[in-house]
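Presented below is the structure to which this report refers.
Protein chains: 2
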Amino acid sequence: MERVVNACSIHIRFKSIVKASAVKQKGFSELEDTMADSEHKLHVGIVGGGLVGALAACYFAKRGHSVSVYEYRSDIRKEKLMGQSIDLALSTRGREALRAVDLEDALVNQHGIAMRGRMLHGKNGRLKEMIYDSVKGNCIYSVNRQYLNEILLNAAEKRPEVKLHFNSKIVDADIDQGKLTILNMKNHTTEEVNIDLIIGADGAYSTIRKIFMKRPLFNCSQIYIEHGYIELFIPSGKNNEFSMSGNHLHIWPRDDFMMIALPNEDHSFTANLFAPFKTLDKLKTSESLIKFYKEQFPDLLALIGQEKLVKDYFERQPKTLISIKCKPFHMGKRAILVGDAAHAMVPFYAQGMNAGFEDILLLDNLMEKYNSNLNEVLSKFSELRCNDAEAICDLAMYNYIEMRHLVTKKSFIFRRHVDTILHKFIPNTWIPLYSTVHFSRMSFQECIANKKWQDKVLQRGLWCLGTVLTAIFVLSFTKINFE
Amino acid sequence: MERVVNACSIHIRFKSIVKASAVKQKGFSELEDTMADSEHKLHVGIVGGGLVGALAACYFAKRGHSVSVYEYRSDIRKEKLMGQSIDLALSTRGREALRAVDLEDALVNQHGIAMRGRMLHGKNGRLKEMIYDSVKGNCIYSVNRQYLNEILLNAAEKRPEVKLHFNSKIVDADIDQGKLTILNMKNHTTEEVNIDLIIGADGAYSTIRKIFMKRPLFNCSQIYIEHGYIELFIPSGKNNEFSMSGNHLHIWPRDDFMMIALPNEDHSFTANLFAPFKTLDKLKTSESLIKFYKEQFPDLLALIGQEKLVKDYFERQPKTLISIKCKPFHMGKRAILVGDAAHAMVPFYAQGMNAGFEDILLLDNLMEKYNSNLNEVLSKFSELRCNDAEAICDLAMYNYIEMRHLVTKKSFIFRRHVDTILHKFIPNTWIPLYSTVHFSRMSFQECIANKKWQDKVLQRGLWCLGTVLTAIFVLSFTKINFE
């Protein structure tokens, strides 16, 4: 089995192979001008200036296309208004996408914090480490959403092809003719802009997806899980150092609910309580909250402090967790969805951003392969990406159960050991699920198929082992009896 | 096992039981005034004047509430503008709902056409009858959608409590405060109306559901199947008689696709071709269409005539088939979805209308039980109906496979015989799936559970039978050898 199977493993022409591999090695900068010349120049309208939208702007600009980004919020670089804040965990898919716009180093080496594994916290304060990749030492990187969005916007803005429009809300889109109707939220005027390619990178509550939903043959589902979350903060400890290991993703698994904490650059942690709404509903007073934390997370309570916990907790309302699947990702002749607009997922596999960035890598590969022929690019993008996106949405749901419940089970721990040993001896054949998702670009569907195959092999292996041991036992017994 | 388990089997107070049973026996008319007196009078705004909306208007008016119906189309009684036309098949759930507004007789005895079973047409013209209920003789009734909608609107309009507003499009709704913003499509003015209870009966592409979708914790999926349909017509035959049996639902099952035909009052049939879009895409010329019909439906081609087939077929575009599930059915403090707005389904179990009408029966029971306390009524409606609606959506998907494929399989036919025999001998214990869906008010979830239980019993029964037969064979063989 191939170790790294690209999600966008399309049959590319020899020229494209050379280019793609060159891009991988050197970054875009040396190649961009030669690439754009030969292609039809488009006006690309990107709806949403979040992480995926800003990255898409960089990629399309580098192809020489003219890019307009429409973001309904103000410029976050000036106003620091970001709402979402669960820290992000950057891994291979996201890193590859950032590498091509020369931002990988800033994120991984300068501002990312390597997390080499999970650190599980028992109720009694006992710690248990679970290394993500003890064979190759791969890590995931805790990065700050605001910082990442800022440097992506800066990178996009540097390009002469890109125009960023803030306070610009899309009120309508003609996805066949290619037209966006934009409301300027400062002076309340609307304007219509002709666009060759509309990219809906406008997040889980996407306006572009709502326009798609009016079309026949567009399938879509939005599912809220019955759990919500509340964000909390663990201040830095003595001498402004981390109060726990700064190189782990900390988890307090409690079966039905959990807390997690990711390290920040200032040596604090951003923590989140994930729990069923019915559990959160019971925590309505300071007393009930403190009692709950004393019982469930005593070590965490000591680190946060009762006063801060109460203040932070009751300042916020529990937020919801949505999972969105849709198919296809393109509609009309000129519109496409990427990132959360196409596949918002619960955050438990830390793949929302990584998968969104990988969308842009795939889209860029297809623009190259089909020489910017939108007809082919858009339908191929749906064909290659929709089922894969559905797979990572499902994996993200599964990982919540793994994180809050399975990690404490003996059968799970035993299986992890087996995986680690086999991965060590046959590293290209036996890759654990977590590694295929985070440390390869294997398509998400294949990650699931690979895990199922492993389950089957192990099941049969155990059956054979059982049979052999029984046979040995019977033979020894017979021998004893005959002797 | 109870034979008929009501989908809305809630625990009702003794008073309610007496009333409900009286309603069942005598119709609403004798009871209505006494019922309304004791209840809080509401202004009910029904969005959509289709089948379910018009029925809901009758029910709420009979409770003494003030009812406004907003329909974006013109009055179909004057303009005959109806778009949808697949004939409807009325069965127990729908009949019970119509009985309470004294319309059952008009539909069933005066204008409905009893269909006692399926008539399967082979390629060679061979016919095979499959009676729906050979034990009790239950039928389903082919009714005309336009006629049914007209008499429901007439019944609603007769009530002084009801005001019908046509050409009135809902552009916004405040589902907490209870407010509808209505655009008069004739004079292009908008008005705001205060409403105590907003009922979204506005079909598969519901505006009210779209407003729900903006709220957190509203789950929703829309799935288009990869098959479409085209409506055709079979004219009446000699002496203006039916050209085939007028008491069957005719099916031409061809595995991947099928045609069906339902009898009309004028002795014509309304027929529909259901097929994958890729099959329909191949029928682009008169020649290919006629060749296809000659190969697949030669008897039907003879009845329709080549010229009429070509004309009717190419006058139309294939239509799509959507399945919509959502949860909960209520949002905010004052809004609820019913009918297709809550659970649009593919038409293959003929339960879209029946289930929509049953929604109104349930809603009415709950208004009675909770004395019009919306807080309780709305949440209980979701609790009792959402999973059931999901079940009938799934059953409708399954029945497409049964109708176009399974009905020709020997294993299916054998199972039908077993079901019929068992139903005959233990009619209250063994009720085939089709009968539970069409001829009872068993909750749809229970219909599925009942079928699974039967599958299990039969599987075990067959296993036991096999074992006994093997034992007998072995014993006989041993005896022969010993003799």
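Chains A and G supply the protein sequences, listed in that same order.
According to numbering that gives the first Met the number 0, the first sequence holds residues 0 to 482 in order.
According to numbering that gives the first Met the number 0, the second sequence holds residues 0 to 482 in order.
We put the CB at the ideal spot given by N, CA and C, even for glycine.
Everything numeric in this text was worked out from a predicted model, so none of it was measured.
My output table needs one value for residue i: the three-state DSSP class, helix, strand or coil.
i	result
G:K326	strand
G:K379	helix
A:R117	strand
A:K23	Low per-residue confidence applies at A:K23: pLDDT is 41, beneath 50, and the placement is therefore not dependable, though the value from the model is reported in the following sentence. Three-state result, A:K23: helix.
A:K409	helix
A:C138	coil
A:T469	helix
A:S90	coil
G:A270	strand
A:K40	coil
A:E31	Here the model assigns A:E31 a pLDDT of 47, short of 50, so the residue's position is not dependable, and the following value carries that caveat. Helix at A:E31.
A:E149	helix
A:I391	helix
A:A341	helix
A:V100	coil
A:P275	strand
A:L474	helix
G:P297	helix
A:H247	strand
A:K307	helix
A:M568	With chain A covering 0 to 482 only, the question about residue 568 of chain A has no answer from this structure.
G:P431	coil
G:P346	helix
A:I112	strand
Taking residue i as the query, report the chain G residues whose CB atoms sit under 9 Å from its CB, ordered along the chain.
i	result
A:S220	N218, C219, S220, Q221, I222 and K324
List, in order along the chain, the chain A residues whose C-beta lies closer than 7 Å to that of residue i?
i	result
G:P215	Y223 and T319
Using the beta-carbon of each residue, which ones in chain A are nearer than 9 Å to residue i?
i	result
G:M212	K209, M212 and Q221
Bridge partners for residue i per DSSP, in chain order?
i	result
G:A448	Partner(s): none; G:A448 has no beta bridge.
G:Y223	G:I321
G:S242	Looking at the DSSP assignment, G:S242 forms no beta bridge with any residue, so it has no partner.
A:G199	A:V46 and A:L336
A:T180	A:D171 and A:E191
A:P252	A:M257
G:E67	The amino acid at residue 67 of chain G is misidentified as Glu; the sequence shows Ser. Partner(s): G:G44 and G:K162.
A:S229	Looking at the sequence itself, residue 229 of chain A is Ile, so the reference to Ser does not match. According to DSSP, which records beta bridges pairwise, A:I229 is partnered with A:L272.
A:P262	A:F268
A:N218	A:K326
Assuming residue i and residue j form a contact by the criterion Cβ under 8 Å, report the distance between their Cβ atoms to the nearest whole angstrom.
i	j	result
A:I289	A:Q305	6 Å
G:L484	G:V170	No statement about residue 484 of chain G is possible, as the shown extent of chain G runs from 0 to 482 and does not include it.
A:A515	A:I198	Only positions 0 to 482 of chain A appear in the structure, and residue 515 of chain A is not among them; the question remains open.
G:D86	G:R333	So it is not a contact: roughly 36 Å between Cβ atoms.
G:P491	G:G124	As displayed, chain G neither begins before 0 nor continues past 482, which places residue 491 of chain G out of reach and without an answer.
G:L231	G:A270	5 Å
Between the options, which has its C-alpha nearest residue i's C-alpha?
i	options	result
A:R62	A:L302, A:L216, A:Y204 and A:K368	A:K368
A:A113	A:V142, A:K122, A:G199 and A:S73	A:V142
G:S133	G:L87, G:L300, G:I210 and G:I430	G:I430
A:P317	A:R125, A:F443, A:P275 and A:Q221	A:P275
G:A341	G:D358, G:G331 and G:A349	G:D358
G:Y146	G:Q176, G:I181, G:D74 and G:S242	G:D74
A:H437	A:M212, A:T428, A:L373 and A:A349	A:A349
A:D255	A:F273, A:M243 and A:S244	A:F273
G:H120	G:H42, G:H64, G:H416 and G:M257	G:M257
G:K237	G:H266, G:D363 and G:A200	G:H266
A:L361	A:P346, A:P297 and A:A388	A:A388
A:D242	A:I391, A:D195 and A:I233	Sequence inspection shows Ser at residue 242 of chain A; the Asp mentioned does not correspond to that position. The residue with the shortest Cα to Cα distance from A:S242 is A:I233.
G:K77	G:H329, G:F165 and G:Y69	G:F165
A:T435	A:I400, A:G465, A:T466 and A:L394	A:L394
G:A200	G:F472, G:K450, G:L474 and G:E70	G:E70
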